[in-house]
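Asks:
Number of protein chains: 4
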Amino acid sequence: MSENAEAIREICDSIIRRVDRAYVAECGKRNELPKKLWDMWAESGLLSIGLPEEYGGSGGSLSDIVLAMDLLHTEALLLPLAVPNFMSRGPLLKFASEEQKRRYLPPTATGEEFFSFGITEPDAGTNTFKIKTTAIRQPDGTFLLNGGKTYQTAFVESAHCLLVARTQPYDPEDRTKGISLFILDTKLPGISATQMDIGMYLPEKNYTTYFDNVVLPADALVGEEGRGLNILFDSLNSERLLVAAMNVGQADYCINRAAEYAKTRAPFDTPIGAYQSIQHPLARAKTYNESARSMMYLATAKHDRGENIGVEANMVKVLASESFKMAAEIAMTCFGGAGVDVSQDILPFYIAAQNNIVAPVNNQIVLSFIAEKVLGLPKSY
Amino acid sequence: MSENAEAIREICDSIIRRVDRAYVAECGKRNELPKKLWDMWAESGLLSIGLPEEYGGSGGSLSDIVLAMDLLHTEALLLPLAVPNFMSRGPLLKFASEEQKRRYLPPTATGEEFFSFGITEPDAGTNTFKIKTTAIRQPDGTFLLNGGKTYQTAFVESAHCLLVARTQPYDPEDRTKGISLFILDTKLPGISATQMDIGMYLPEKNYTTYFDNVVLPADALVGEEGRGLNILFDSLNSERLLVAAMNVGQADYCINRAAEYAKTRAPFDTPIGAYQSIQHPLARAKTYNESARSMMYLATAKHDRGENIGVEANMVKVLASESFKMAAEIAMTCFGGAGVDVSQDILPFYIAAQNNIVAPVNNQIVLSFIAEKVLGLPKSY
Amino acid sequence: MSENAEAIREICDSIIRRVDRAYVAECGKRNELPKKLWDMWAESGLLSIGLPEEYGGSGGSLSDIVLAMDLLHTEALLLPLAVPNFMSRGPLLKFASEEQKRRYLPPTATGEEFFSFGITEPDAGTNTFKIKTTAIRQPDGTFLLNGGKTYQTAFVESAHCLLVARTQPYDPEDRTKGISLFILDTKLPGISATQMDIGMYLPEKNYTTYFDNVVLPADALVGEEGRGLNILFDSLNSERLLVAAMNVGQADYCINRAAEYAKTRAPFDTPIGAYQSIQHPLARAKTYNESARSMMYLATAKHDRGENIGVEANMVKVLASESFKMAAEIAMTCFGGAGVDVSQDILPFYIAAQNNIVAPVNNQIVLSFIAEKVLGLPKSY
Amino acid sequence: MSENAEAIREICDSIIRRVDRAYVAECGKRNELPKKLWDMWAESGLLSIGLPEEYGGSGGSLSDIVLAMDLLHTEALLLPLAVPNFMSRGPLLKFASEEQKRRYLPPTATGEEFFSFGITEPDAGTNTFKIKTTAIRQPDGTFLLNGGKTYQTAFVESAHCLLVARTQPYDPEDRTKGISLFILDTKLPGISATQMDIGMYLPEKNYTTYFDNVVLPADALVGEEGRGLNILFDSLNSERLLVAAMNVGQADYCINRAAEYAKTRAPFDTPIGAYQSIQHPLARAKTYNESARSMMYLATAKHDRGENIGVEANMVKVLASESFKMAAEIAMTCFGGAGVDVSQDILPFYIAAQNNIVAPVNNQIVLSFIAEKVLGLPKSY
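Chains as they are written, first to last, in the numbering used here: chain U, 60 to 440; chain A, 60 to 440; chain V, 60 to 440; chain C, 60 to 440.
1. Is the Cβ-Cβ distance between T392 of chain U and V274 of chain A less than 8 Å?
2. Skipping 5 residues on each side, what residues in its chain have a beta carbon closer than 6 Å to that of T192 of chain A?
3. When DSSP builds the beta bridges, which residues end up paired with R225 of chain U?
4. For T359 of chain V, count the other beta carbons within 10 Å of its own beta carbon; 16 or more makes it buried, fewer makes it exposed. Which is it?
5. Let me know the alpha helix (DSSP H) ranges lying completely inside the stretch 334 to 406 of chain V, each 4 residues or longer, listed in chain order.
6. Since H219 of chain C meets chain A, which of its residues come closer than 9 Å, beta carbon to beta carbon?
7. Within 10 Å of its beta-carbon, does K345 of chain C have 16 or more other beta-carbons around it, so buried, or fewer, so exposed?
8. For N306 of chain A, count neighbouring Cβ atoms within 10 angstroms of its own Cβ and tell me buried if that reaches 16, exposed if not.
9. Compute the Euclidean distance between the alpha carbons of P40 of chain C and Y269 of chain V, then round it to the nearest angstrom.
10. Can you give me, in chain order, the residues of the stretch 322 to 346 of chain V that have a beta carbon less than 9 Å from any beta carbon in chain A?
11. Taking Cβ to Cβ, would you say Y210 of chain V is nearer than 8 Å to G118 of chain C?
12. For C86 of chain U versus A127 of chain U, is the C-beta spacing smaller than 8 Å?
13. Could you pull out every residue in the same chain whose Cβ sits closer than 7 Å to the Cβ of I337 of chain A, ignoring the five residues on either side in sequence?
14. 8 Å is my cut-off, CB to CB: does Q423 of chain A come that close to chain V?
15. For chain C, check one thing: does any of its Cβ atoms lie closer than 8 Å to the Cβ of S239 of chain U?
16. Along the chain, where does the alpha helix (DSSP H) containing K208 of chain A start, and where does it finish?
17. Taking 8 Å as the CB-CB limit, is I416 of chain A close to chain V?
18. Can you determine whether any heavy atom of the ligand PLP sits closer than 7 Å to the C-beta of P419 of chain U, and answer yes or no?
19. What residues in its chain sit with their C-beta under 7 Å from that of T253 of chain V, if we drop five residues either side in the sequence?
20. At 3 residues or longer, and completely inside the stretch 147 to 194 of chain C: list those beta strand (DSSP E) runs for me, N to C.
21. List the residues of chain A whose Cβ lies closer than 7 Å to the Cβ of P437 of chain V, in chain order.
22. CA-CA distance, E284 of chain A and L243 of chain A?
23. List the DSSP bridge partners of F145 of chain A.
24. DSSP has F274 of chain V in a bridge; who is on the other side?
25. Helix, strand or coil, according to DSSP, for G118 of chain V in the structure here?
26. Take S217 of chain A and list the residues in its own chain whose beta-carbon comes closer than 8 Å to its own, dropping the five residues that flank it on each side.
27. Going along chain V in order, which residues have a C-beta closer than 9 Å to the C-beta of M391 of chain C?
28. Skipping 5 residues on each side, what residues in its chain have a beta carbon closer than 6 Å to that of A310 of chain V?
29. Leaving out five residues before and five after T179 of chain A in sequence, what residues of the same chain have Cβ atoms less than 7 Å from its Cβ?
30. Measure the alpha-carbon distance for K361 of chain C versus I368 of chain C and round it to whole angstroms.
31. Under 7 Å, CB to CB, which of the residues in the stretch 256 to 289 of chain U have a partner in chain A?
32. Quick one: what's S251 of chain U bridged to in DSSP?
33. Just the Cα atoms here: how many angstroms apart are I451 of chain C and P166 of chain C?
34. With L222 of chain U and F241 of chain U assumed to form a contact (beta carbons below 8 Å), what rounded beta-carbon distance in angstroms separates them?
35. Determine the DSSP secondary structure at V433 of chain A, reduced to helix, strand or coil.
36. When the Cα of K153 of chain A is compared with those of A:F188, A:T201, A:G287, which residue comes out closest?
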C-alpha cells in the first residue's frame, strides 16, 4: 500500500458519507454528470492526484488513484469521466509542450475542465490503425480536420478533446503511418455532435461527432507529428488498471447488494442466502474479485516503481472485468424477477459488466496479446 | 409437426413480410403495444388458435401456437402479451361457468380484449402460497378485495384481469388454504396502478397495482372457491412451452444477427466470424438452441396427445432460457462496444435473456423440481 | 420410436439382468474384451441389426442399434468394439464387391469376427488427407503397404482391418488424391503392433501398428481405387449417432450413480443431495442429457427415413459428449475424494467423457462445420 | 519475496537440472516414491525449511516452502509426500512435549523419516467430527486403538503416523468432544493396511488401514487429551497454501506443455496454437493462474508476518485448484485424442486437477466458509 493510502481512504470515506448511490443512480438514468460527486473529487483533491505541483497537482501515484476508484466504486459512486481526465494527462505530461501543459493541465486538477477522448471510429474498432479521420497540414501550418468519432464521452460538455487523427490520408498499403494527436477545442466551427443512446444508465453522455473542414491551429498538435499512437499507447497500462479498479469496485457493490438481499429474501421462509445455488456463486465471485484486486494492486505498485507491467495490466483487465461480470450475473439471479426493475438498481451493473468485457479493449484481443507475449503462440487474427 | 403447421408457417411468413423488427423495437423503447402486430395476429387468426369454435376460436393445438411463437420470435417480432392471452383461456375453458366463457372468451380471439394476469406479489415471489391479497366474501355474496400485485403486464390497457387472491386471510400455520381465482374488472373503484420501470425494452407496460376495498361481484369468482391454485397449476406446462418458444425464437434472432455482423465486421480485415472465439460460441449456441427446440416440439406434441409433460416442459424451460442467454451473450460479445448502443438492437435481448432465466419461473426452482421428481433427491429449499 | 423398439428393449433388459457392470469394469481395468457381453450381443441378435438377411443379418435400422447402445450404456455395459463393427459394414455394403460382402459380412453378425479400423495417424489427426501410409500398386496387381497407424482398437484381436491408405504417394501439392480403402488381413507378414497405454479403463486394447512392405492382394481393395475417403465419409453420420448413444447412456449412468450416492452420503447428517450445489448440477446434467437424447432420436429417425442429417448428427455429437462430460464432472464432485478411488468406478467415466469431447472427432472441428454450413461463417482453420 | 527467495530458486534450479519429469512420471505410474527427488530435497536443505535449528532445521518461513513447491511443481517434479511432512511439524512444534520434538522432528529434516497423516474415515469425509476410530485410555495409562483410516498416504512406508482418534467413544449427542492426536508407531501389533487403487498416477502409495486392539503407549499422545482437532486446525491455513503452490505449479506445467504442443501440432498446416479456441483458453488459464499465484504469495507473506489469513488461504485454495483444472482441461483438449495416451503425460494432471477441486478440502465447503465469514450469509449445510 502506498504511503498516501490512509489519506485516500479518509477522503473517500468522507465522500461516501456525503453522496449516496441513489443520487448517482438518478444521474445515470438521465445520463447526467453527477456534479455533486465531481465537485467533491475536485475539492477533496482526488482530481489533482498524479499531477505535479507545478501544474496544480498534488503529486501522488497511480496506486493512489486506483485506490480511490476502487473505494468509491465499491459504493457504486460512479464517475467514469474521471478515467479520461486521468488518462489525458499522461500523454500531455510526457509529450506536450511546456506551454500546452501550463494551459491545459491545471483546470483538470480543479475540475473546471476535463478532456474528452476522441479515438474510436465505427469501422476501426479495436484496430486504431484503421481510423480515417484526417487532419491534413495546410500551407499556413494549420490542420484541416475531417471525419468523425463515436462513443465520445462528454464531448459536448468538455472544452477540449484529445483527438487522434491521421495527418496523412489512409493508405491501405501502410495503415500505420501518419497518426497524430491533437488538443481539439470542441467549440470550433465545423464540429457537430449527436447524442448516442447508450443503454448503460451511465452518469454521462456519449456522442457521435462529425468534423467538417474544421481548422485546427498549428499548436493544437501534441508531440511529434505522426507519433500519435505511440504517445497514446504509453498510457494504456495505466488505463487498464484504472478501469480494473472500477470493475472490482462495482463487483463488490453487486456482491454486497446481493448478499444483503439474500439475507432477508425468503419466499420459502429460509433466506435464499442459505441456498448453495445462491451462496456459492456469491462466494466464488467474491473470491475471484479479491484475487483480481490482489493482482491489481501488485501491478499498480510495480508500475509506480517504474517497472514494465504490460503483461500484468492486461491480465488484470481480463480478471477484473470477468469478476465484475460474475458478480453482476449472480446478483441478477439473486434478485430474480426484480433484477430488471430499474428501481432495484442492479440492472445497470449487469449491463456495464458485459460492456466491460469488451471495452475499453476487448478481452479477446487481450487474450491474444497474452498468448503471444507470454506463451509465445502465433498471432490468431 | 401438426397438420396445421404449413398453414401456420404461411400466416407467420405473411406477417413477417409486413411488419419489420424496427417497428417492434421502437414500440419496445416506448413500452407500447405493437398494435399493428397485434392486429395481424388477430386478423390472421393466430389469436383464435386453441379456442373451440363455439367461443369464437378456430380449434388448433398448443403445437400450432408454439410454432407461431417460435417463427415470429425468430424475427424478433415480440408480442409477449400473447402469452397471458393464451394462458388465461386454459383455466377459463376448464373451470369457468358457461356464462363466463361466453362473455369473456370470444374477445380474446378477436383481439378486442385481452386478460392481464394478477398473481405475483413482492414478498411471495416464486412461492404463490405466500400471497397476501385478500378477497373476503361479504354477507351479500360479493368479495372485498384488498392488497396489490406487481409485474402486472398491461393491467391498465386490459379490460379484465385474471386475479389470484386469498378468500381466507393469510394464515402462517396453513398458507395453502383459501386461494381463489377471479375475473377482475380493471376499472372498478378502489383500483389504482403505477407503471413500473422495467429496463427490458418490452413492447408493453408493467404495473404495480393496489386494491383498496374493491367490491368484486359474486360472479367474478372462477371455479370453486379456494381452488384457485389448482386451476392455475393446470396450465403451467403450456406456459412453460409458450415461453420456451419465445426463447428459442429470440435466441435464433440473436445468432442470426451476430452471424451477419460477424461476416462483415473486419477491424483487422479478416471478418471476425473467422475467429474461433466468435465462431465457435455462435455455433454452440445454435446447436444448443436446436436441441432445446427439438425437445420443445417433442414435448408439445406429447402434450397435444394428452400425455403428461410435467418433466419435459420444465426441462424445456431451462434449456430454452439457457440457450437464449448463450446466444444473447455471444451476440453482445460479437458486437463488441456497439452492443450497448441501443440503436444496434442487441442489448434488449441480452437483458431479456437473463430475465428469462429467472422468469416466469426461476430455473433454480425448476432444477429442484427435476432433482426431486426425476432423480428422487430430497427437497433443497 | 421404431417398430422394433419394444423388442430391442427386451433384449437389452435381458442382457442387463445377466451381465453386471462390475464384470465390465473389471475387463476395463485389464483392457480385455468383455467376452460374455459380446457373446450376448451376438446370440441375442443385436450384432446382426442393420445387416440384410442375405448376409446373415436381421434387417433393422440405425434407430434400433442406437437404442440398444443407449440402453446398455445407461448401465455402463460398455462395448466400444461394437462401433467399428457396425461402422465397417456401411462401406462394405455399399461399395464392396459381392464376393467381399459374402465373405466378410456374415461373421460380423455372428460375432465370430469383427473389423478393426485403420485410419488415424499421428501427424494427420483430424485431417485424414494428411495420412502417409501408402499401398502402392505393384506390376502384378498387388499393393505394397508401408507406414503405420495409431489408436487401432483391437487390431491384434481382429482377423481383418478396414484400412485407409494412399495408393499414390503423399503429394503436398494435392493431398486429397489417391486415398483408397482396403480389407487388411491382420496376420500378413510385415505387420507388427505394439499395445498403447490408453488410460481410459477401456474393455479393449489399442495398438500402434507398423506395416513394412506388406503385400496386399489385389482383391483387398474395397470399391474404386482413390475413392477411399468418399466411401468412409458416407458412414460418418451414423458413427456420430452411435457414439452419441454411448455418451448419453454413460451420462445417465453417471447421473444415476451420483444421485444414489447423494441420497445416502451425509457427512453433516443431511444427505448431500439436498445441497443445491450438488442437486442442481445433477438436474442440469439430466436435463441436458435428455435434450441431447431427444435430438439424437429425432436425427436417427430422420436418417432412417433416408433424409440427410449432416447437420443434426454433428450437433448431436457435440451435445451428447458435452452432457456426458457435465454428468461425469458433477458425479466426480459428488463423490468427492472417493472419485479417484478406482474401486468406486466413477473415474473411468470422467476420463472417457473428456476424451469423447475430442474423439472420434474433435468438437471444435464440428463447431467449425456447423458455423460454416448452418451460419454461413468463413472457414476458421 | 522473502529474503531467502534467491537461495530457494537456486536450489530448485539445481534440482530441476538433475531430475527430469520422465523419472517422476515413471514413479507415478508405479506409485513409487521418487527416491532420487526426495533425497535431493533432503540434501539441498529444502526439507529442513521451517524447522528451528535446535531440531535440525534451517529456519525459513512458509513463503520459502511455498516458493519451492511452486517452482518444482511447475516442472511437474511432484513430491506430494512433502506436504504431510511439513504439515506434521506445525502441531508437533506447538503442542508436542520437548521430548517428542527432540525425538521425532530431526529425522523429518534429514528425510530419513516422514510422518503419514491419519485423519480421513469413509463415513466422515469433510466432517472430521464424525470420525469413529477410538483410542480409549486404559487403567495403565496406555490407549487401546480400534478402527481404521482411509487415503493414508505412504502409511506402510512411514515409521510414524500422526493419528486423529477419539479418546471418548462417538456420542451422537455431542460429536465434538474427545478427539485427540497421537504419534502412532506404524509397526505396532494389530495394525494392518491394504493399498488403495487410486487412479491418479501419484508417486506414492495410499492405504486403507485397520487398527485392531492396538496398544498405544501413554507418551503417544500429543498435546492435551481431547484437543486434537484444535491442534490440527491450527495448521490448516498453511496446508491450504502448500497445496495451492502445488496447484499453480502444475497448472503452469500443463499450460507450458500445451503451448509447446500447440506451436508444432498442425494437422491443417497452421499450428493449432493460432486457433483462438485453443489460444484463448490457454491465455485465460495462464491469466487466472497468475492471479491465484499473486494472491497466494500475498497470503503467504501475510502469514509469515503473523497475521491471520483464514479467509485468504481459503480463497487461494479455491483459486489455485480451479486454475489448475482450467489449465489441465484445455491441455487435454489441446492434445486431442492423444490426451488419454498415458505416454503423453497429460492425463495424470487432468485427473489430479479434478481431485484437487475436492481435496484435501472440498471447494464447496470452502465457499460456504467464505459465504459465512466474509458475506455474513447463513449456514447452508
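The beta carbon of each residue, even a glycine, is placed where N, CA and C say it ideally should be.
Replies: Looking at the coordinates:
1. Against a cut-off of 8 Å, the Cβ pair of V274 of chain A and T392 of chain U comes out as no contact.
2. G206, A224
3. U:T193, U:I238
4. buried
5. 335 to 363, 369 to 394
6. Within 9 Å of the CB of H219 of chain C, no CB atom of chain A is found; the nearest one sits about 42 Å away.
7. With 16 or more Cβ atoms within 10 Å of its Cβ, K345 of chain C is classed as buried.
8. buried
9. Coverage of chain C is limited to positions 60 through 440, which leaves residue 40 of chain C absent and any answer about it impossible.
10. K322, T329, P330, G332, A333, Y334, Q335, I337, Q338, H339, P340, L341, A342, R343, K345, T346
11. Judged by beta-carbon spacing, G118 of chain C lies beyond the 8 Å limit of Y210 of chain V, meaning their Cβ atoms are not closer than that value.
12. At the C-beta level, C86 of chain U and A127 of chain U stay beyond 8 Å of one another.
13. A321, I331, C393
14. yes
15. No, no contact with chain C.
16. Per DSSP, K208 of chain A belongs to no alpha helix (DSSP H); it is in the beta strand (DSSP E), 202 to 212.
17. no
18. No copy of the ligand PLP appears in this structure; indeed no ligand is present at all.
19. Y266, T267
20. 174 to 177
21. P330, G332, A333
22. 15 Å
23. BP columns for F145 of chain A are empty, so no partner.
24. Checking the sequence, you will find Val at residue 274 of chain V rather than Phe. In the DSSP output, where bridge partners are listed per residue, V274 of chain V has V:L203.
25. Judged by DSSP in its simplified three-state form, G118 of chain V adopts strand.
26. Cβ within range, chain order: E172, F173, F174, S175, T245.
27. Q413, N414, I416, V417
28. N348, S382, F383, A386
29. K208, T209, Y210
30. 7 Å
31. Listed by position along the chain: D256, I257, G258, M259.
32. Answer by DSSP bridge pairing, in chain order: U:Y269.
33. The displayed coordinates of chain C run from 60 to 440. Any statement about residue 451 of chain C would go beyond what the structure contains.
34. 5 Å
35. Looking at V433 of chain A - three-state DSSP - the assignment turns out to be coil, as it is neither helix nor strand.
36. A:G287
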